[in-house]
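Protein chains in written order, with this note's numbering: chain A, 1 to 450; chain B, 1 to 450.
Positions of the beta carbon are idealized from the N, C-alpha and C atoms, including for glycine.
There are 2 protein chains.
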Amino acid sequence: MATEVTGGIRKRVLIVGGGFAGLRAAETLKDAEVNVTLVDRRNHHTFQPLLYQVALAVLPENEIAQPLRAIVKYANTQVLMDEVTGFDTEKCRATLKGGAELEYDYLILATGSTHSYFGHDEWASLAPGLKTIEDAVEIRRRVLLAFELAEREMQETGKHPALNFVIIGGGATGVELAGAISDIAKLYIRHDFRHIDPAKAQVLILEGGPTLLGAYPPDLQKSAIKQLEKLGVHIRVNTRVTDVQPGYVMVGDERVDSVVTLWGAGVQASPLGKLLGVEVDKKGSVIVDEHLHPKGHPEIFICGDLAAAKMADGKPVPGVAQPAMQMGVYAGKSIAAEVLGKRVSKPFEYFDKGDMAVIGRSAGIANVKWPFKGHLSGFPAWVTWLVVHIFFLIGFRNRFAVIRNWAYTYAFFKEGSRLITGDQSLPGWEHSTDSGPLRTQPIAGLAEPH
Amino acid sequence: MATEVTGGIRKRVLIVGGGFAGLRAAETLKDAEVNVTLVDRRNHHTFQPLLYQVALAVLPENEIAQPLRAIVKYANTQVLMDEVTGFDTEKCRATLKGGAELEYDYLILATGSTHSYFGHDEWASLAPGLKTIEDAVEIRRRVLLAFELAEREMQETGKHPALNFVIIGGGATGVELAGAISDIAKLYIRHDFRHIDPAKAQVLILEGGPTLLGAYPPDLQKSAIKQLEKLGVHIRVNTRVTDVQPGYVMVGDERVDSVVTLWGAGVQASPLGKLLGVEVDKKGSVIVDEHLHPKGHPEIFICGDLAAAKMADGKPVPGVAQPAMQMGVYAGKSIAAEVLGKRVSKPFEYFDKGDMAVIGRSAGIANVKWPFKGHLSGFPAWVTWLVVHIFFLIGFRNRFAVIRNWAYTYAFFKEGSRLITGDQSLPGWEHSTDSGPLRTQPIAGLAEPH
Chain A
1 MATEVTGGIR KRVLIVGGGF AGLRAAETLK DAEVNVTLVD RRNHHTFQPL LYQVALAVLP
61 ENEIAQPLRA IVKYANTQVL MDEVTGFDTE KCRATLKGGA ELEYDYLILA TGSTHSYFGH
121 DEWASLAPGL KTIEDAVEIR RRVLLAFELA EREMQETGKH PALNFVIIGG GATGVELAGA
181 ISDIAKLYIR HDFRHIDPAK AQVLILEGGP TLLGAYPPDL QKSAIKQLEK LGVHIRVNTR
241 VTDVQPGYVM VGDERVDSVV TLWGAGVQAS PLGKLLGVEV DKKGSVIVDE HLHPKGHPEI
301 FICGDLAAAK MADGKPVPGV AQPAMQMGVY AGKSIAAEVL GKRVSKPFEY FDKGDMAVIG
361 RSAGIANVKW PFKGHLSGFP AWVTWLVVHI FFLIGFRNRF AVIRNWAYTY AFFKEGSRLI
421 TGDQSLPGWE HSTDSGPLRT QPIAGLAEPH
Chain B
1 MATEVTGGIR KRVLIVGGGF AGLRAAETLK DAEVNVTLVD RRNHHTFQPL LYQVALAVLP
61 ENEIAQPLRA IVKYANTQVL MDEVTGFDTE KCRATLKGGA ELEYDYLILA TGSTHSYFGH
121 DEWASLAPGL KTIEDAVEIR RRVLLAFELA EREMQETGKH PALNFVIIGG GATGVELAGA
181 ISDIAKLYIR HDFRHIDPAK AQVLILEGGP TLLGAYPPDL QKSAIKQLEK LGVHIRVNTR
241 VTDVQPGYVM VGDERVDSVV TLWGAGVQAS PLGKLLGVEV DKKGSVIVDE HLHPKGHPEI
301 FICGDLAAAK MADGKPVPGV AQPAMQMGVY AGKSIAAEVL GKRVSKPFEY FDKGDMAVIG
361 RSAGIANVKW PFKGHLSGFP AWVTWLVVHI FFLIGFRNRF AVIRNWAYTY AFFKEGSRLI
421 TGDQSLPGWE HSTDSGPLRT QPIAGLAEPH
């Protein structure tokens with residue numbers, strides 16, 4: 001791999017995936033004597049840690065997503081918006097959707113993960129998860145629409161179904177969605193309605209395992225549960241959902257009514273890992289060595305959620321933004337060194353600064369490992385979360401806009417982006433068919449919500 | 001109509017439509033002794049004059065649309081998100097989609113207009129028009145995707161179809177879309193691509209009548225044409241489109257290739273006018289008397305685009321925001337007076353301050369009638385347009401955000417909101433099926449766009 005260092009043809013680096021890992025790899029390679037092609041089937045990078053704020057109408061989608069072309073402006077890098085559908089690792093080629101092939105000398109595969117419905121793909125449309133901008137906009141649509149439809153039912157029939165929001169899965173996504181829905185109902189839209197009291201909405205987390213936030217230390221788990229309960233969120237652990245239907249979910253024989261069901265229960269690796277023809281684990285993540293190579297392929301690096309990498313203590317590297325970025329940098333540095341005839345012998349090591357989950361408007365938990373060690377809960381955890389996320393938002397303009405939106409939201413209890421677009425119905429919610437004249441007129445004296 | 005002024009049951013005012021007319025009517029009635037119900041099938045008001053800026057990625061959609069509940073916070077007014085599907089004007093009732101009925105003492109019908117494809121509804125998906133937030137996001141998706149797909153074709157096959165953007169109809173919408181596409185191509189995204197030159201995109205307006213902007217005086221029409229031609233926009237008048245197909249339109253026997261076709265040619269009134277069972281004109285607008293009543297219904301007011309109202313000189317009142325607002329105020333004042341036992345005898349008169357159309361980033365035309373009379377062209381027209389639109393943007397926060405976005409866009413030549421979401425294909429554009437290795441590698445030396 002150490003040929004043609006000077007003068008000759010530049011090595012071709014193919015990066016598949018414009019997430020945290022792919023972008024950091026491209027950035028690391030920007031001054032290297034290589035030609036980089038970054039392929040993504042979307043035109044934008046999504047800042048996934050803030051997706052839930054788009055889903056809950058605090059931030060508009062354009063503030064946490066940016067066109068890849070606007071980010072990757074390096075002289076040696078081109079962006080190709082297309083879908084990779086296969087690999088010929090013998091010939092070092094990737095196949096694109098239309099049949100064209102893309103040759104590479106180095107491949108950085110960083111296509112992340114997607115939802116896993118544990119074999120029940122029919123649940124996907126009934127319980128959307130949160131991975132893309134489209135997911136977030138769809139969740140926003142459903143949550144806001146539930147309140148609108150309840151108000152309408154009250155106006156037209158004098159009653160409405162209970163506003164139960166059921167979140168399947170008690171990991172970080174589930175906890176963040178639960179806190180945010182609770183905020184919306186109790187703070188932001190509370191005074192918008194005349195006939196329903198949004199604050200009476202119930203948020204329920206159904207977790208299959210014995211505890212929420214399994215990846216955190218027990219004291220922080222307990223703190224998170226306490227903070228959620230303070231927000232009025234109901235939590236049921238050791239509760240396995242056996243069916244998802246329009247308007248309800250089943251837990252064994254028990255029916256749990258749900259106007260909006262959301263999915264935070266499982267992820268699986270992007271299917272591209274399997275297409276490499278190398279060893280993958282049961283989630284479809286690629287087994288890699290300490291240099292992030294799949295077995296027998298020193299020219300391939302697997303980065304981010306798609307890599308089944310191990311930490312020094314043998315535990316898996318978590319599928320979050322920090323290790324993805326570090327892997328991208330590692331792959332980039334390794335390639336930059338190799339084309340100069342050097343060799344990176346130091347294995348990849350995840351420098352773990354800690355984990356955080358935010359719970360509603362001003363609470364959260366943080367398991368801080370750097371620059372100090374400590375467990376934070378409540379407001380201090382939330383402030384830490386805020387500072388870290390502002391710091392890592394890619395692109396100054398977005399960062400500024402996000403801060404402005406947050407300040408506005410938190411100061412005035414108002415939401416930033418509350419549009420319902422697209423379909424105006426919810427699965428399982430029939431339009432009222434009451435045919436009498438409206439009961440709710442006149443409304444004199446209804447100025448205050450009840 | 002002058003009964004129960006004091007003490008008794010309040011009169012019920014039903015406003016259908018949360019556009020400019022409906023909102024102004026509700027605002028005018030906010031202190032009147034009436035109970036107002038504002039019904040709209042959407043949860044938001046759309047600031048239509050700026051829709052084209054969403055369509056062309058300058059503004060994000062949440063900045064020109066606001067939830068009706070956030071705007072209409074009057075003690076005597078409730079918002080109902082539902083669809084009116086019919087009327088019983090004898091019994092003074094409106095029927096809602098689910099069958100419920102809404103009684104009224106006064107009805108203000110202000111449901112506006114929609115696209116007319118002149119009997120060719122099959123053209124709608126091939127040539128979207130610009131009336132709703134969804135329309136704007138769809139146009140944005142298509143325009144941005146055209147450039148992405150062209151870049152991809154160049155990378156994969158070394159050629160791409162000509163980037164022709166065809167706009168059918170040369171009214172204000174068509175002219176604004178044409179100027180904005182030209183700006184995008186030549187200014188904002190020009191430096192984002194390596195293999196195509198976006199500035200080579202062609203924008204073509206096909207107008208069926210003898211001139212663009214038929215409603216304007218001839219000197220301003222000429223000026224607009226000159227300004228558009230300066231931006232490189234091609235204009236063909238007296239050109240009737242006879243068919244719209246994926247990838248092209250037909251003008252008689254002539255095929256005009258088009259990667260994105262947009263519709264600005266015709267509007268028709270909302271179908272609710274016809275459902276009243278009163279006289280309508282050929283566009284479906286309701287014929288009203290000088291008090292905005294349809295014949296025989298002094299309890300009904302028709303406002304905005306849905307009203308076929310006449311000016312003092314016998315010309316029709318134009319279907320734009322200003323007269324809609326004035327009609328809403330007129331209807332509101334009339335009802336407020338009547339419930340006090342008074343009577344508004346003064347007929348509705350449109351106070352015409354003039355019309356404006358913007359052409360690209362810093363040009364336009366303005367036919368100013370108040371506070372002075374004059375024809376403006378180019379930069380002065382654009383500044384006038386800017387000031388007027390900032391002034392009329394509903395809600396201070398949006399106004400601030402829009403100004404900030406404009407300043408940013410105009411200062412840095414950057415667009416505010418350039419996401420491609422949803423479907424990643426265009427009608428008539430097949431994915432390249434070239435199967436050789438990519439021709440475009442390596443790309444050394446391609447740092448500058450050609």
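From the beta-carbon of G422 (chain B), the residues of chain A found nearer than 9 angstroms are E134.
The beta carbon of D82 (chain A) falls within 8 angstroms of a beta carbon belonging to chain B, placing the residue at that interface.
Taking a beta-carbon distance threshold of 8 angstroms, P67 (chain A) counts as an interface residue toward chain B.
Counting only residues of its own chain and dropping the five nearest sequence neighbours on each side, K283 (chain A) has a CB closer than 6 angstroms to the CB of Q268 and A269. Between Q53 (chain A) and chain B, the shortest Cβ-Cβ separation is not below 8 angstroms.
For F372 (chain B), there is no enclosing alpha helix (DSSP H), since its DSSP letter is neither H nor E. Secondary structure within the region 151-189 of chain A: the beta strand (DSSP E) runs of 3 or more consecutive residues, fully enclosed, are 164-168 (chain order).
The beta carbons of K73 (chain A) and T85 (chain A) sit no closer together than 8 angstroms. For S125 (chain A), the number of other beta carbons within 10 angstroms of its own is below 16, and it is reported as exposed.
When the alpha-carbon of I184 (chain A) is set against those of A:E156, A:S285 and A:V54, the nearest one is in A:V54. Neighbours of L340 (chain A) across chain B, judged by C-beta separation under 8 angstroms, do not exist; the nearest C-beta is about 17 angstroms away. According to the DSSP assignment, E101 (chain B) belongs to the beta strand (DSSP E) that extends over E101 to E103. Under the Cβ distance rule, R194 (chain B) counts among the residues neighbouring chain A, one pair being separated by less than 8 angstroms. Assigned with DSSP and collapsed to three states, W429 (chain A) falls in coil, not helix or strand. It is roughly 37 angstroms from the alpha-carbon of R69 (chain A) to the alpha-carbon of S116 (chain B). L306 (chain B) is a Cβ neighbour of A110 (chain B), given a cutoff of 8 angstroms. With respect to chain A, the C-beta atom of E156 (chain B) has a partner C-beta closer than 8 angstroms. Judged by beta-carbon spacing, L177 (chain A) lies within the 8 angstroms limit of L130 (chain A), meaning their Cβ atoms are closer than that value. Here F47 (chain B) carries a coil assignment [DSSP, helix/strand/coil]. DSSP lists no bridge partner for Q326 (chain A).
Cβ neighbours of M81 (chain A) within its own chain (closer than 6 angstroms, five residues either side excluded): N43. The C-beta distance from H291 (chain B) to P347 (chain B) rounds to 6 angstroms, short enough to fall under 8 angstroms. Per the Cβ contact rule, the region 235-250 of chain B is not in contact with the region 182-200 of chain B (fewer than 3 Cβ pairs under 8 angstroms). Around the C-beta of H191 (chain B), fewer than 16 other C-beta atoms lie within 10 Å, and the residue is accordingly described as exposed.
V143 (chain B) and A127 (chain B) have their C-alpha atoms spaced approximately 12 angstroms apart. For secondary structure counted as the alpha helix (DSSP H) over 4 or more consecutive residues, the region 277-350 of chain B holds these complete runs in sequence order: 321-339. At a Cβ-Cβ threshold of 8 angstroms, L204 (chain A) and F165 (chain A) count as neighbours.
Pairing G341 (chain B) with T89 (chain B), the inter-Cα distance amounts to about 23 angstroms. Note: S113 (chain A) is bridge-paired with A:A269 in the DSSP secondary-structure output. Per the DSSP secondary-structure output, V256 (chain B) pairs in a beta bridge with B:V249. The distance from the Cβ of G170 (chain A) to that of E207 (chain A) is about 3 angstroms, consistent with a contact at the 8 angstroms cut-off. Between the region 323-343 of chain A and the region 21-39 of chain A, the count of Cβ pairs shorter than 8 angstroms is three or higher; the stretches touch. DSSP places R93 (chain B) within a strand segment (E or B) once states are collapsed to three. The three-state reading of DSSP puts R10 (chain B) in coil, since its state is none of H, G, I, E or B.
Under the three-state reduction of DSSP output, Y74 (chain A) falls in the coil class, being neither helix nor strand. For L145 (chain B), the three-state secondary structure derived from DSSP is helix.
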